[in-house]
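The block underneath contains the structure these notes are about, expressed in structure tokens.
Residue numbers (our numbering), protein chains in the order written: chain A, 1 to 423; chain B, 424 to 846.
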């Protein structure tokens, strides 16, 4: 029954029951963490073979232990360019984090501009980025650190609000880019439709140095048999005559080891050449032994897809369990709405307006750490204070059941309070 | 006999003999590389045990495979802070390259300034750095990329010309720093004296945000039993009341694997805290498994010192051989002057003025790749065109003998030509 249609007395009575359950849980001194998209131990164990690989000579006889090669060993380029569906001269294979590559790309844009003739962004009075929201807090943190002003764009069911985006970028040349997690978006789990990809690639931008940060973090991270398909944006950009518009990022962080993976970026060969000309000065080179380890372990794109099925087998049931509990505890009550993702690491839940912060606080006081409310918006400010990101991967199944049950109790209590207060 | 005191006829005859030897070598189609301080295969083999280490849980039970920890695992902090002789809260343990950490430190200074209240250097019309020369080409390349104007300061036998440095920094507040390789300097092999360290730490600088980049790249890289001792500059800075003045860097690149080592930076805890506040946004964290591997393999500072003796046993004889050939081919001829380093990776040789470029070119035409002449000065411009950096580590002993003999022939031919032309 919808809470809104219950009378105040019934709501108050129901609140008492909820509160008793909450207090019971609180007495148990639980401590669960659902704040980050962190793989669990069983997932990490899937890649233990990595630690057995002792090879250090690559296919060309290069000694990977020594200095040399700033953009990745050839076999790593081969494998990851296939994964991203670009050419080998369109990739750079990096260290252990795509986020570092994203920061690095943006800090280079600030310091040196995005191309030979472009003005370094640091010289401009204002630089703005579009941020589809809810979105990834660490993207927003990078923009904030670099002094890039963020403009919220709403996420729709097929990607960000492209009509608004087209309008904004056509008018304002201080808008220099957009932050995208185009597949199984963080936190909504939405994959951009072909139309959205095409329009992002082809739209007229007043800024000639407009760039799309295309963080394809969940490129092979399906939860169901039939994973979503994302259109190739580099191809779309080329077709539209905007081949330098996009920087694509991916990594093995959630394929092998989050702390010791291999990251990759892709872009037009012109962009890649320019980046390499700076990289060769700013670094000695990535850890080539670790790249070789990954190539030997991951072998092929087909094998990566097989490997990812093992991940799905571990975290898929966790997602299902969360969705089941959400449905049984909150379904039909008209107080919360959530997505059912086909992949990625999150379930995004919207509460009644103005409830998210209170719910997250209340959950924390019962030992459940959620991502702070507001994190999915720039500057930590969710204008409607309603979005909460749930990350089911890390806790064990038992922990997860408890944690989500407590969370659902909190959602209900705070919602009842809101409804009662507004009467 | 000194070339300058030989008559022209004798010089010409001698040149003919030299040129015959040169041509003979040229006919052999040799291909040797002495351009970079690159360890040889035997050195890399010293650390093969690294690849056998499969541990991933640290002493606190932390799973190093997963996300987390931006500044290094505790045991790595313990080991490397001891090596650098600083406290554990004064280090950050990074990825595989100190050079990347140096670039990163300077690019942060450009973007955000070096402290909360300091102006970001990008906002200043001019930023200058002092560069003791001859020096490290990759330091100069970073300054050039970031638009930092470089001022040459001469190296003396006990470190850079400190009288000149003190005078310059006292007068000019656009001088924001100095680039130092304080131990077994690149390429001279000079270790700064205690007095130089103290004066750098205590000198009055007009710029309040003056910083010393202290690239202690050869911290344990001795070639003789009694290695040089370098005074602790962080302590000296603290004593002088300038505790935030210095950033120290080191790495295991030439201890274990150049491409897959562990880098470390050290500074005052205040500086380290500020850097961490940015790092936590710009990156996910370093490769913790590789840090753990290194701690397990290197164990202790004492063990590192023992390990370095094995390196010295491999490259020490190469240095001796080079020095012997230089002495027998060039000694007493008044055309070249070189150092005899106690450690590090280079022998620095000065020719007669205006000869270095020609010699390196001539050597290349006989198959010997040297570091390009001029590289040891900012912008690749050696004002006297005389400094040549010799890197003996990579070639085998036989290759090295040939290479240095050819090099010495080139030095003599070009010197004879210079002397004859000036008569």
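Every residue, glycine too, gets a C-beta built ideally from N, C-alpha and C.
Less than 8 Å between CB atoms is the rule here; does residue i satisfy it with respect to chain B?
| i | result |
| --- | --- |
| residue 103 of chain A | yes |
| residue 407 of chain A | no |
| residue 65 of chain A | yes |
| residue 56 of chain A | yes |
| residue 350 of chain A | no |
| residue 290 of chain A | yes |
| residue 164 of chain A | no |
Exposed or buried, what is residue i when buried is set at 16 or more other beta-carbons lying within 10 Å of its beta-carbon?
| i | result |
| --- | --- |
| residue 381 of chain A | exposed |
| residue 315 of chain A | buried |
| residue 1 of chain A | exposed |
| residue 192 of chain A | buried |
| residue 210 of chain A | buried |
| residue 466 of chain B | buried |
| residue 348 of chain A | buried |
| residue 244 of chain A | buried |
| residue 542 of chain B | exposed |
| residue 171 of chain A | exposed |
| residue 788 of chain B | exposed |
| residue 90 of chain A | buried |
| residue 408 of chain B | Residue coverage of chain B in this structure runs from 424 to 846, which leaves residue 408 of chain B outside it and unanswerable. |
So, is the C-beta of residue i closer than 8 Å to a C-beta in chain A?
| i | result |
| --- | --- |
| residue 520 of chain B | yes |
| residue 569 of chain B | yes |
| residue 474 of chain B | yes |
| residue 628 of chain B | no |
| residue 467 of chain B | yes |
| residue 565 of chain B | yes |
Q. Of all the residues that make up the segment 271 to 288 of chain A, which are near chain B by a beta-carbon distance shorter than 8 Å?
A. Of all residues in the segment 271 to 288 of chain A, 278, 281, 282, 283, 284, 285, 286, 287, 288 have a Cβ within less than 8 Å of some Cβ in chain B.
Q.
Which complete beta strand (DSSP E) runs does the segment 711 to 795 of chain B hold, if anything under 3 residues is left out?
A. With a minimum length of 3 residues, the unbroken runs of beta strand (DSSP E) contained wholly in the segment 711 to 795 of chain B fall at 759 to 761, 770 to 774, 791 to 793.
**Q.** Short-range partners of chain B found in the segment 106 to 140 of chain A, where Cβ spacing is below 7 Å
**A.** Listed in sequence order: 107, 110, 111, 122.
Q.
Closer than 8 Å is the cut-off here; do at least three beta carbon pairs connect the segment 210 to 222 of chain A with the segment 246 to 255 of chain A?
A. By the Cβ test, the segment 210 to 222 of chain A is in contact with the segment 246 to 255 of chain A, since at least three Cβ pairs between them sit closer than 8 Å.
**Q.** Against chain B: residues of the segment 17 to 41 of chain A by CB proximity under 8 Å
**A.** Residues of the segment 17 to 41 of chain A with a C-beta less than 8 Å from any C-beta of chain B: 36, 38, 39, 41, listed in chain order.
Q) Quick one, which residues of the segment 248 to 263 of chain A are near chain B if we go by CB-CB under 7 Å, in chain order? A) Interface annotation for the segment 248 to 263 of chain A against chain B: 257, 258, 259, 260, criterion Cβ-Cβ distance under 7 Å.
Q: Output, in sequence order along the chain, the residues in the segment 367 to 389 of chain A whose CB is closer than 7 Å to any CB in chain B.
A: Within the segment 367 to 389 of chain A, no residue qualifies.
(Q) Could you tell me which whole beta strand (DSSP E) segments of length 3 or greater appear in the segment 137 to 218 of chain A? (A) Scanning the segment 137 to 218 of chain A for uninterrupted beta strand (DSSP E) segments of 3 residues or longer gives 149 to 156, 175 to 180, 211 to 215, listed from N- to C-terminal end.
Q: Give, in chain order, every residue of the segment 594 to 625 of chain B whose Cβ lies closer than 9 Å to some Cβ of chain A.
A: Listed by position along the chain: nothing, the set is empty.
Q: Enumerate, from N- to C-terminal direction, the unbroken beta strand (DSSP E) stretches of 3 or more residues contained entirely within the segment 82 to 139 of chain A.
A: Here the runs fully enclosed are 91 to 93, 128 to 133.
Q: Please name the residues in the segment 726 to 760 of chain B whose beta-carbon is closer than 9 Å to at least one beta-carbon of chain A, in chain order.
A: Within the segment 726 to 760 of chain B, no residue has a Cβ that lies closer than 9 Å to any Cβ of chain A.
Q: Would you list, in sequence order, the uninterrupted beta strand (DSSP E) runs of no fewer than 3 residues that lie entirely inside the segment 436 to 499 of chain B?
A: Counting only runs of 3 or more, we get 455 to 457.
Q) Counting pairs of beta carbons, one from the segment 689 to 700 of chain B and one from the segment 722 to 740 of chain B, are three or more of them closer than 8 Å? A) With the cut-off at 8 Å, the segment 689 to 700 of chain B and the segment 722 to 740 of chain B do not touch.
Q | the segment 258 to 275 of chain A in contact with the segment 474 to 491 of chain B per 3-pair CB rule at 8 Å | A | Result yes; three or more Cβ-Cβ pairs closer than 8 Å.
Q | Validate contact between the segment 562 to 575 of chain B and the segment 616 to 631 of chain B using beta carbons, cut 8 Å, 3 pairs | A | The answer is no - the segment 616 to 631 of chain B does not touch the segment 562 to 575 of chain B, with fewer than three Cβ pairs under 8 Å.
Q. Any chance the segment 831 to 842 of chain B sits against the segment 436 to 456 of chain B, with 3 or more Cβ pairs inside 8 Å?
A. The count of Cβ pairs closer than 8 Å, one atom from the segment 831 to 842 of chain B and one from the segment 436 to 456 of chain B, reaches three, so the stretches are in contact.
Q. Three or more C-beta pairs closer than 8 Å, one from the segment 552 to 568 of chain B and one from the segment 785 to 801 of chain B: is that the case here?
A. Yes: the two stretches touch, three or more of their Cβ pairs being nearer than 8 Å.
Q | Start-end ranges of the alpha helix (DSSP H) lying completely within the segment 222 to 265 of chain A, minimum 4 residues | A | Runs found: 233 to 239.
Q) Can we say the segment 708 to 719 of chain B touches the segment 427 to 444 of chain B, given the rule of at least three CB pairs closer than 8 Å? A) The segment 708 to 719 of chain B vs the segment 427 to 444 of chain B: no contact.
Q) Between the segment 31 to 43 of chain A and the segment 386 to 399 of chain A, do at least 3 Cβ pairs fall closer than 8 Å? A) Contact between the segment 31 to 43 of chain A and the segment 386 to 399 of chain A is present, with at least three C-beta pairs closer than 8 Å.
Q. Are there three or more Cβ pairs, one per stretch, closer than 8 Å when the segment 595 to 604 of chain B is compared with the segment 539 to 558 of chain B?
A. Contact holds between the segment 595 to 604 of chain B and the segment 539 to 558 of chain B, because three or more Cβ pairs, one in each stretch, are under 8 Å apart.
Q. Are the segment 222 to 239 of chain A and the segment 333 to 344 of chain A touching by the rule of at least three beta carbon pairs closer than 8 Å?
A. With a cut-off of 8 Å, the segment 333 to 344 of chain A and the segment 222 to 239 of chain A count as touching, because enough Cβ pairs lie within range.
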